[in-house]
Amino acid sequence: MADVVKLYGLEGSPFVCRVKIALNLKGIEYEFVVEDLSNKSADLIKYNYVYKKVPVLVHNGNPVSESLVIVEYADDAWKGVPILPQDAYGKAQARFWAKFVDDKCIPTVFKAIGSHGQEQAVAEAHEQLQFLENELKDNKFFGGDNINLVDISATFIAFWLGAAEEALGIKVLTKDKFPKLIKWSDNYVNCQVVKDSLPPREILVAFFKKRFGGN
Amino acid sequence: MAKEELILLDFWASMYGMRVRIALAEKGIPYDYKEQDLRNKSQLLLDSNPVHKKIPVLIHKGNPICESSIIVEYIDEVWNHKAPLFPSDPCGKARARFWADFIDKKLYQIGRKLYTTKGEEHEAARVEFIECLKLLEGELGDKPYFGGESFGYLDVSLIPFYSWFQAYETYGNFNLELECPKLIAWAKRCIQNKESVSSTLPELPKVFAFVQYLRKRFGIDD
């Protein structure tokens with residue numbers, strides 16, 4: 001029997017995008033159900049009664065919530081291109097850095113954006129981003145030659161951040177401090193699987209202008 | 001395997017550290033426990049976890065693994081000969097990870113507010129804490145353990161919080177047995193049936209005394 005896969009989300013969400021990338025990497029066909037967060041569907045509330053948020057993946061009627069949990073689920077459920085390394089230590093490292101992006105990088109970067117590049121906020125973001133910069137070492141991706149869970153988790157930094165910087169005329173990811181991350185961003189967004197999953201940049205620029213624009 | 005191959009940097013009252021200790025005990029693995037002074041962090045801790053500088057850290061053959069949920073998964077994968085903590089199906093795994101993440105995002109932070117805040121913030125925390133426990137009760141349902149018939153990853157993730165319940169009850173001003181009877185029954189079941197739990201969890205009054213000490217240190221009057 002064929003798999004029935006539905007993804008509840010919205011176009012502009014970097015967390016939903018993580019899941020799209022994972023599904024595309026695995027070559028999975030799915031139905032994308034667009035949610036209006038100001039008027040959440042009964043399905044969304046049923047499938048994610050804890051947080052009532054997107055993304056939610058429903059695979060043959062079974063719901064999975066929280067983007068990184070969903071990405072790992074995709075790796076467990078479907079063979080094909082691996083998202084995590086095979087060895088236990090490699091997995092632990094990948095999970096650590098993916099969690100670091102979620103817990104530390106994205107919140108501090110978002111605060112830097114929201115504050116219109118205020119010095120202290122940017123310094124705090126830089127402190128966290130520096131760990132990520134160092135972790136890249138001489139690799140093309142966090143996963144080495146291919147993208148992995150960490151790259152996917154950092155999609156916000158690769159694409160959303162640039163759009164925010166343009167929208168607000170600020171700079172967070174500076175070339176002098178983060179040459180590796182900038183190069184990585186470029187390589188990452190040009191991967192076909194990622195390209196196919198990203199929303200149009202104009203939408204994000206417009207979103208950031210509307211949300212944070214106008215001092 | 002030599003004890004020196006496995007080192008755990010930990011703090012006795014940490015519910016995150018307890019998760020790792022329980023997982024190691026479930027698997028019957030010997031290790032070298034190193035109690036850490038969190039107000040004067042050791043060079044080993046700073047070198048092993050330069051990003052967060054936190055415990056627990058498991059050092060396996062010189063390789064450090066950080067973040068308790070990640071450490072427990074690592075332990076389950078490496079020592080897969082005994083006491084599997086995860087189900088084999090992807091759905092079951094995702095479910096366990098989701099709820100463990102829920103505990104990390106919600107329970108710890110809200111629980112902390114119970115003994116560090118006052119007024120409106122405290123009242124909001126009281127309500128949210130019970131809501132969280134009730135959601136967890138819902139997930140448990142009528143199963144003996146979160147893992148079903150056997151003690152699993154989610155049980156390991158949550159049971160350490162039970163050692164903090166006297167503190168939560170006192171400063172939250174509620175009776176948890178009345179509010180969440182199924183959860184309390186589950187906790188007692190874990191302690192009774194699992195030696196890994198009973199030998200790991202500190203006594204509730206000891207943790208309570210520690211929280212009283214923390215409050216003094218934060219300048220919160222009783």
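For the protein sequence lines, the chains are D and R, in the order given.
Each residue of the first sequence is one higher than the one before, starting from 1 at the first, in UniProt numbering.
Each residue of the second sequence is one higher than the one before, starting from 1 at the first, in UniProt numbering.
Glycine is no exception: its CB is placed at the ideal position from the N, C-alpha and C atoms.
Because the structure is a prediction, the values reported are computed rather than measured.
In this structure L24/R touches I75/R by the C-beta definition: roughly 6 Å separates them, less than 8 Å.
Around V78/R, the beta-carbon contacts reaching into chain D at under 7 Å are A88. Residues of the stretch 63-88 of chain D with a Cβ closer than 7 Å to any Cβ of chain R, in chain order: V64, S65, E66, V69, E72, Y73, D76, A77, A88. Comparing alpha carbon positions, the residue from C66/R, H60/R, G62/R closest to K53/R is C66/R. Beta-bridge partners assigned by DSSP to L57/D: L7/D, V64/D. Of all residues in the stretch 92-123 of chain D, only A92, R95, F96, K99, F100 come within less than 7 Å of chain R when Cβ atoms are compared, listed by chain position. Its Cα nearest to that of F161/R, the residue M15/R stands out among L6/R, M15/R, D10/R. Counting along the chain, I159/R sits inside the alpha helix (DSSP H) bounded by residues 153-162. The Cβ atoms of F146/R and L135/R do not sit closer than 7 Å to each other. When only Cα atoms are considered, C190/R and I113/D end up about 46 Å apart. Neighbourhood of V51/R in chain D, by CB distance below 7 Å: F100, F131, in chain order.
For H60/R, the enclosing beta strand (DSSP E) covers residues 57-60. For the stretch 44-63 of chain D, the residues whose beta carbon sits under 8 Å from a beta carbon of chain R are, in order, V50, H59, N62. As the crow flies, the alpha-carbon of L57/D is around 24 Å from that of G152/R.
Between F96/D and I70/R, the C-beta spacing is below 7 Å.
Secondary structure of G92/R (DSSP, three-state): helix.
Cβ neighbours of F207/D within its own chain (closer than 7 Å, five residues either side excluded): G12.
Under the Cβ criterion of 7 Å, D101/R is counted among the residues facing chain D. Contact between L10/D and L37/D holds: their C-beta atoms lie close to 7 Å from each other, under 8 Å. Cβ contact annotation for K106/R (same chain, cutoff 6 Å, sequence separation greater than five): C132, in chain order. Between the stretch 167-183 of chain D and the stretch 126-138 of chain D, the count of C-beta pairs closer than 8 Å reaches three or more; the two stretches touch.
For F32/D, there is no enclosing alpha helix (DSSP H); the enclosing beta strand (DSSP E) covers residues 31-34.
A residue is called buried once 16 or more other Cβ atoms fall within 10 Å of its Cβ, and P63/D is buried on that count. For the set H126/D, C17/D, W160/D, the Cα lying nearest the Cα of D176/D is the one of H126/D. For L6/R, the closest alpha carbon among the candidates K82/R, V51/R, Y33/R is that of Y33/R. The beta carbon of D102/D lies closer than 7 Å to those of L68, S153 in the same chain, with the five residues before and after it left out. DSSP, read as helix, strand or coil, puts P50/R in coil. Ranked by Cα distance from L140/R, the first of Q36/R, W99/R, N175/R is W99/R. Using a Cβ-Cβ cut-off of 7 Å, C180/R does not count as an interface residue toward chain D, since no Cβ of chain D sits closer than that to its own. Selection I29/R, K206/R, T200/R evaluated against N80/R yields I29/R as nearest (Cα-Cα). Using a 10 angstroms sphere on the CB of K82/R, the tally of other CB atoms stays under 16, which defines it as exposed. In the DSSP annotation of this structure, D10/R is not part of any alpha helix (DSSP H); the continuous beta strand (DSSP E) holding it starts and ends at 6-10.
About 6 Å separates the beta carbon of V16/D from that of V54/D, a gap short enough to meet the 8 Å contact definition. Counting only Cβ-Cβ distances below 8 Å, A94/R has contacts in chain D at V64, V69, I70, E72, Y73, D76, in chain order. A residue is called buried once 16 or more other Cβ atoms fall within 10 Å of its Cβ, and I203/D, having fewer, is exposed. Taking CB atoms only, Y74/R has a neighbour in chain D less than 7 Å away.
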